[in-house]
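What follows is a single structure, written as structure tokens, with notes after it.
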Ligand code: 26W
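Residue numbers (UniProt numbering): 1 to 801.
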């Protein structure tokens, strides 16, 4: 590693003066009148000032050394709160707390006052945020490109146990981390037609909007490097229709503005179900075109020959959402730089990489050629040209393979063909991408599909969110594990020491006590920190099988009631997650969980042994509260369906063993931690496929399982919905007859694995060994490892540090 670029010689007095200066001169507030918000702003600006220096230094270095840059294109960046993260990475966390205390301000309260920037749905968006942090930590020159949505992911409330969505408005208050760049502005065209000018075909767009840049610096561990997250906001090219205004039609005069702004108004809240909406296609092109114009502008500032682009530019497409990057880059090279198609296409491919995040058929983007051709007429031509070019170069290509098929443009095939590397996000997933998603393309292009197992940033997901455990780690193995997470294996020899285990225990207990208070405040429920905290937090989806979890919870409750004097391990079942607004089945599962919670939590016979908790509005900040306090990590998807999972890695780092199937990165977690420290159950991906061939699989599974029959009977009788006994008839019917995700077939195995969890948890010593082993073996799941591997295998870039 090279020298530290940032001068971290800030003293408490200096920081204090800076906070006061910002309070006074930036916020215009006197201390007696300053609100929590004012103090948060003042501290944020003071901290941001410390980032600007390494940020400039990094940018200057990249220019001076003419370094290749990575451009990460993503429709989602689920960044969460930034203040504490920035403090931690600058090494100013303790000092900031001290300084604010001197002003009589509570640091925690300030942290929690920041809105949680939810510019993403779930895993894919959070991965992008972790990658940004790791690229900064590793000194990989990089830009993240995304959309500055005015409204991030909706807020979730429960009304009568049902999900109700309300709009999110994180930008209502001033966002202190960004710098607007009115000078970095590009015109984005849509629709219109092709025309001939000087013998050349040109695109004359029918609509245009402006994309303006908003930059947020992303600082890495210890402030050695900082990159830029550049989010585009949409603005009208003409602010105002003056003619209409003068005619007195004031509302209509503002129409062009309203129209343009819808482009960056709201994040699509669907993860995994693609809808085919024109506005979504426009958003995708808006992001991609702005990014590519910006990339080419930067390239041309230092170079003249666009044929050299791949030596200087690596563009990563986060799923197919920015897959229009292939045709758009070709268009810019051809139409703006006069490069012929045959040269432009390979140049574009050399620059582009494509990450696949899902195998679910309903998630694969395809646009009706009608929509695509209407919104992007020039790109429609180029897509057809790419398809023909690919067919020519691969004359063995089977007739049923291609980008345009059955009047649809298939974005997966487009992204694959236009990328020099295609990667899956876990070992199992990457194999399935080869075998099931792109078997023919894989045969035509052997070696193009590679694996890059996901990771998470240990700065946010261990250092920052779990201070008790982080301190213990540092006391035990010394500092430096934060950016060298494999060093956690040095904890292993200590696990056999009773003293260390007691300290590990007390760190977890501290977190559980804190979470108990949080649950009391947010849900009004009293839970004991002695109970087993069993947590499933993620988007609600059938394949993730929250239904399996709640059915087993009912079975467990039923068992306790049959023997209330039994030697039961007290459990707190914690659920968290949002459903897509239009996803009926997922919403029904949410309703059921809340109904079960109401009944079970009111049962005096079991109250001390079982509590079901479902706090509304799960988001990044809530994850930071829940994960450090978890005893058990629920990763129970139908095998073959969860591409990777990243929550699973966060739980592992924080010392929570997994109960899970052989799916996604669970496979690799199991490999790292060993079978004795993992509660494995359920059908494998192959067994799942075979099991589905039996049309009677669910009926047979239910008939073979008395506990499951009892559970379904209770639900069907309205035990949890006495006000509407038939509420779950549809749900129960589906488990019996349309159980695509094999809830019934895995039920008994899951129930048995949960019994094993109870046995292990009751043996305090054994449990602590398992928990600590999970932390000690989690080094592999640092996103630093992932990013190093992308740098080497896909991007061909080196660290500037
Ligand atoms: C167009 C609708 C849409 C929106 C989002 C389709 C698909 C998506 C994403 C690909 C869904 C997603 O977030 N996938 C998750 O990506 C994570 C990061 O790689 C993985 O850990 C999760 O397993 C995967 O579900």
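Backbone N, C-alpha and C define an ideal beta-carbon position, used for all residues, glycine too. Note that the structure is a prediction, hence the values are computed from the model and not measured.
query                                                                                                                             : result
Environment of residue 357 [buried if 16+ CB atoms lie within 10 Å]                                                               : buried
Alpha-carbon spacing of residue 537 relative to residue 642, whole angstroms                                                      : 14 Å
Rounded C-alpha distance that separates residue 78 from residue 577                                                               : 15 Å
Opening and closing residue of the beta strand (DSSP E) in which residue 451 lies                                                 : 449–451
Close beta carbons around residue 201, own chain, < 6 Å, minus the five adjacent residues each side                               : 194
Rounded straight-line distance, which links the Cα of residue 159 to that of residue 740                                          : 29 Å
Host alpha helix (DSSP H) of residue 12 (start-end)                                                                               : 12–21
Cβ neighbour criterion (16 or more within 10 Å) applied to residue 60                                                             : exposed
Collapsed DSSP secondary structure at residue 727 in the structure displayed                                                      : coil
Inter-residue spacing [alpha-carbon to alpha-carbon] between residue 177 and residue 188                                          : 26 Å
Whole-number beta carbon distance between residue 783 and residue 456, since they are thought to touch under 8 Å                  : 6 Å
Extent of the continuous alpha helix (DSSP H) run through residue 282                                                             : 278–300
Between the CA atoms of residue 185 and residue 220 - distance to the nearest angstrom                                            : 27 Å
Distance cut-off 7 Å: residue 134 Cβ against heavy atoms of ligand 1                                                              : no
Coarse secondary structure for residue 39, derived from DSSP in three states                                                      : helix
Inter-stretch contact at 8 Å, needing at least 3 Cβ pairs: the region 671–683 / the region 742–753                                : yes
Beta-carbon contacts of residue 797 that lie in its chain and below 8 Å, excluding the five residues immediately before and after : 67, 68, 69, 70, 140, 141, 314 and 791
Option nearest residue 387 by Cα separation, candidates 402, 398 and 468                                                          : 402
Proximal residues to residue 548 (C-beta, below 8 Å), its chain only, five neighbours per side dropped                            : 636, 743, 746, 747 and 750
Min CB distance residue 676 to chain D below 8 Å                                                                                  : Looking at the structure shown, chain D is missing, and only one protein chain is on hand.
Sub-8 Å separation of residue 632 and residue 534 beta-carbons                                                                    : yes
Rounded straight-line distance, which links the Cα of residue 34 to that of residue 175                                           : 18 Å
Where the alpha helix (DSSP H) containing residue 470 begins and where it ends                                                    : 467–477
beta-carbon residue 33 near ligand 1 non-hydrogen atom, thresh 7 Å                                                                : no
Neighbour-count burial assignment, residue 689, 16 or more Cβ in a 10 Å radius                                                    : exposed
Residue(s) in a DSSP beta bridge with residue 317                                                                                 : 73 and 354
Near ligand 1: residue 72 beta-carbon under 7 Å from a heavy atom                                                                 : no
Buried/exposed call for residue 11, threshold 16 Cβ in 10 Å                                                                       : exposed
Segment limits, beta strand (DSSP E) that includes residue 496                                                                    : Neither: residue 496 is in no beta strand (DSSP E) and is coded neither H nor E.
Cross-strand partners of residue 638 (DSSP beta bridge)                                                                           : Its beta-bridge partners do not exist; DSSP assigns none.
The region 586–595 touching the region 495–505, judged by at least three CB pairs closer than 8 Å                                 : no
Delimiting residues of the alpha helix (DSSP H) encompassing residue 246                                                          : 242–246
Cβ-Cβ distance between residue 664 and residue 645 below 8 Å                                                                      : yes
Residue 194: first and last residue of the uninterrupted alpha helix (DSSP H) it sits in                                          : Per DSSP, residue 194 belongs to no alpha helix (DSSP H); it is in the beta strand (DSSP E), 193–197.
Selected residue, minimal CA-CA separation from residue 709, among 555, 199, 31 and 766                                           : 555
Alpha carbon of residue 568 to alpha carbon of residue 610, nearest angstrom                                                      : 9 Å
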